[in-house]
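J.: One structure coming up, written as structure tokens, with questions to follow.
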Amino acid sequence: ETGVTQTPRHLVMGMTNKKSLKCEQHLGHNAMYWYKQSAKKPLELMFVYNFKEQTENNSVPSRFSPECPNSSHLFLHLHTLQPEDSALYLCASSQSTRLGGEQFFGPGTRLTVL
Amino acid sequence: EDQVTQSPEALRLQEGESSSLNCSYTVSGLRGLFWYRQDPGKGPEFLFTLYSAGEEKEKERLKATLTKKESFLHITAPKPEDSATYLCAVHQETSYDKVIFGPGTSLSVIP
Chain A
3 ETGVTQTPRH
13 LVMGMTNKKS
23 LKCEQHLGHN
33 AMYWYKQSAK
43 KPLELMFVYN
53 FKEQTENNSV
63 PSRFSPECPN
73 SSHLFLHLHT
83 LQPEDSALYL
93 CASSQSTRLG
103 GEQFFGPGTR
113 LTVL
Chain B
62 EDQVTQSPEA
72 LRLQEGESSS
82 LNCSYTVSGL
92 RGLFWYRQDP
102 GKGPEFLFTL
112 YSAGEEKEKE
122 RLKATLTKKE
132 SFLHITAPKP
142 EDSATYLCAV
152 HQETSYDKVI
162 FGPGTSLSVI
172 P
């Protein structure tokens, strides 16, 4: 595997389900990001991790819970989501947050909440 | 309020018809401005970094320029494979870990 990978690519869940999104980067980077991309809206930054430490939580509802066990892996745990949470969830990495503009993105997980 | 805007929202060009996309920003201190390309169903792909006014970067048919308040992405003699959404993003000096993305310009190049 190369670059940034995300699984699953598609996810349909009910409002009472619990699921997790996984991201893995094979670039040797130290910073990882979660973004939400909704139709007709700019990319919304959700969380930032730098050297496994969370450095940014952009006022994200608690039904989204990130986890970064090491610099290569990032998870987004989902529970009791709302239909408006349906979107493309993108993971990205960069060498560090200091060089945070040059990010490498995964293909995303298309999430549908019923 | 710190923000990034892009214009036009959508652009249709004939193959070979050159044009420019605009990214305007109002942020308190610029660490860097970045251009990305996003194809449907995929994550954004990094294109350029610009750090200071007057700087230019080129890659194939694309050239990015930066002034104190805006950036332009010039597309020379575009081909259908250049069709994509082009995003710009700003890394602020005052917010170490936050990059703000613009809404994007959807470019369609017609053969």
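Top to bottom, those sequences are chains A and B.
Count along the first sequence from 1, then add 2; that gives the number in the working numbering.
Count along the second sequence from 1, then add 61; that gives the number in the working numbering.
Even for Gly, the Cβ is constructed at its ideal location relative to N, Cα and C.
(1) Return the Cβ separation of Q153 (chain B) and V88 (chain B) in integer angstroms, given the expectation that the two are a contact with Cβ distance under 8 Å.
(2) Quick check: the Cα distance between S132 (chain B) and A125 (chain B), rounded to an integer number of angstroms?
(3) Would you check if the segment 108-124 of chain B and the segment 88-97 of chain B touch, i.e. whether three or more CB-CB distances between them fall below 8 Å?
(4) Give me the subset of the segment 62-85 of chain A whose CB atoms are less than 8 Å from a CB atom of chain B, sorted by chain position.
(5) Are the segment 73-80 of chain A and the segment 37-45 of chain A touching, with three or more C-beta to C-beta distances below 8 Å?
(6) Count the other CB atoms, across all protein chains shown, that sit within 10 Å of the CB of I171 (chain B); report buried if there are 16 or more and exposed otherwise.
(7) On the CB-based measure, 16 or more other CB atoms within 10 Å of its CB, does P101 (chain B) come out buried or exposed?
(8) Between A:K20, A:P10, A:Y35 and A:L29, which lies nearest to L76 (chain A) when the distance is taken from Cα to Cα?
(9) Have a look at A:V6, A:S22 and A:L113 and flag the residue whose alpha-carbon is nearest the alpha-carbon of P85 (chain A).
(10) Given a cut-off of 8 Å, decide if S88 (chain A) and F106 (chain A) are closer than it, judged by their beta-carbon atoms.
(11) Thinking just about the alpha-carbon of each residue, which of A:K24, A:E55, A:K54 and A:N59 is nearest to the one in E46 (chain A)?
(12) Where E69 (chain A) and E117 (chain B) are concerned, what is the direct C-alpha to C-alpha distance, given to the nearest angstrom?
(13) So, with DSSP's three-state summary, where would you put L101 (chain A)?
(14) With DSSP run on the structure shown, which of helix, strand or coil describes E131 (chain B)?
(15) Inspect the beta-carbon positions of F49 (chain A) and Q56 (chain A) and report whether they are closer than 8 Å.
(16) Using DSSP bridges, identify the partner residues of V14 (chain A).
(17) Following the continuous beta strand (DSSP E) through T82 (chain A), name the residue where it begins and the one where it ends.
(18) Rounded to whole angstroms, what is the Cα-Cα separation between L90 (chain A) and H12 (chain A)?
T.: Checking against the coordinates, here is how it stands:
(1) Translated into positions along the second sequence, residue 153 (chain B) becomes position 92. Translated into positions along the second sequence, residue 88 (chain B) becomes position 27. That belief holds up - the Cβ atoms of Q153 (chain B) and V88 (chain B) are roughly 5 Å apart, short of 8 Å.
(2) The residue labelled residue 132 (chain B) in the question sits at position 71 within the second sequence. The residue labelled residue 125 (chain B) in the question sits at position 64 within the second sequence. The alpha-carbon atoms of S132 (chain B) and A125 (chain B) are separated by roughly 7 Å.
(3) A contact exists between the segment 88-97 of chain B and the segment 108-124 of chain B.
(4) none
(5) no
(6) Mapped onto the second sequence, residue 171 (chain B) falls at position 110. Classification for I171 (chain B): exposed.
(7) Stepping through the second sequence from its first residue, residue 101 (chain B) is reached at position 40. Looking at its Cβ environment, which holds fewer than 16 other Cβ atoms inside 10 Å, P101 (chain B) is exposed.
(8) By one-based count along the first sequence, residue 76 (chain A) stands at place 74. Considering only alpha carbons, the answer is A:Y35.
(9) Position 83 of the first sequence, counted from the start, is the residue given in the question as residue 85 (chain A). Looking at the Cα atoms, A:L113 is the closest of the given residues.
(10) For this step, residue 106 (chain A) is matched to residue 104 along the first sequence. For this step, residue 88 (chain A) is matched to residue 86 along the first sequence. No, they are not a contact pair.
(11) Here residue 46 (chain A) corresponds to residue number 44 of the first sequence, with the count starting at 1. Looking at the Cα atoms, A:N59 is the closest of the given residues.
(12) Here the question's residue 69 (chain A) lines up with position 67 in the first sequence. Here the question's residue 117 (chain B) lines up with position 56 in the second sequence. Straight-line Cα distance between these residues: approximately 38 Å.
(13) The residue you call residue 101 (chain A) lines up with position 99 of the first sequence. Residue state for L101 (chain A) is assigned as helix, using DSSP reduced to three classes.
(14) If you number the second sequence from 1, residue 131 (chain B) lands on position 70. Here E131 (chain B) sits in strand by DSSP.
(15) Working through the first sequence from its first residue, we reach residue 49 (chain A) at position 47. Working through the first sequence from its first residue, we reach residue 56 (chain A) at position 54. Yes.
(16) As a first step, residue 14 (chain A) is located in the first sequence; it is residue number 12 there, counting from the start. Note: V14 (chain A) sits in a beta bridge opposite A:T114.
(17) Counted from its first residue, the first sequence places residue 82 (chain A) at position 80. Note, T82 (chain A): premise wrong, no beta strand (DSSP E); not H, not E.
(18) As a first step, residue 90 (chain A) is located in the first sequence; it is residue number 88 there, counting from the start. As a first step, residue 12 (chain A) is located in the first sequence; it is residue number 10 there, counting from the start. Cα-Cα distance, rounded: 9 Å.
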